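Colleague:
Residue numbers (this note's numbering): 1 to 75.
Here you go:
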């Protein structure tokens, strides 16, 4: 299954539904961490009007240990 094209706000919303909270925000990245397991975290790019690149999304899912099927349920 291919990676979906998803915007940063939609990805943040999906991760919020999966139990992640925003830890830090700067101009170019938003850091999220799971509220129960701090080892599940990622820095999500926050570039205006752009979707998250497929390779970047794959790395985010790997570092947060979220399955693509699980993410698609919450998009």
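C-beta atoms are modelled at their ideal positions from N, C-alpha and C, and glycine is treated no differently. Because the structure is a prediction, the values reported are computed rather than measured.
Would you kindly check if the distance between the Cβ of residue 52 and the Cβ of residue 33 is under 8 Å?
Modeller: No. Outside cutoff.
Colleague: Here's the rule: buried if 16 or more other CB atoms are within 10 angstroms of the residue's CB, otherwise exposed. What is residue 50?
Modeller: It counts as exposed.
Colleague: Have a look at residue 3 and residue 58 and give me their C-alpha separation to the nearest angstrom.
Modeller: If I take the Cα positions, the gap works out to 8 Å.
Colleague: Taking 7 Å as the limit between beta carbons, can you name the residues of its chain near residue 42, skipping five residues before and five after?
Modeller: For residue 42, where only same-chain residues beyond five positions count, the Cβ hits under 7 Å are 32, 60, 63 and 64.
Colleague: Since residue 14 and residue 69 should fall inside the 8 Å C-beta cutoff, what is the C-beta to C-beta distance between them, to a whole number of angstroms?
Modeller: Contact doesn't hold; Cβ gap of about 12 Å is too wide.
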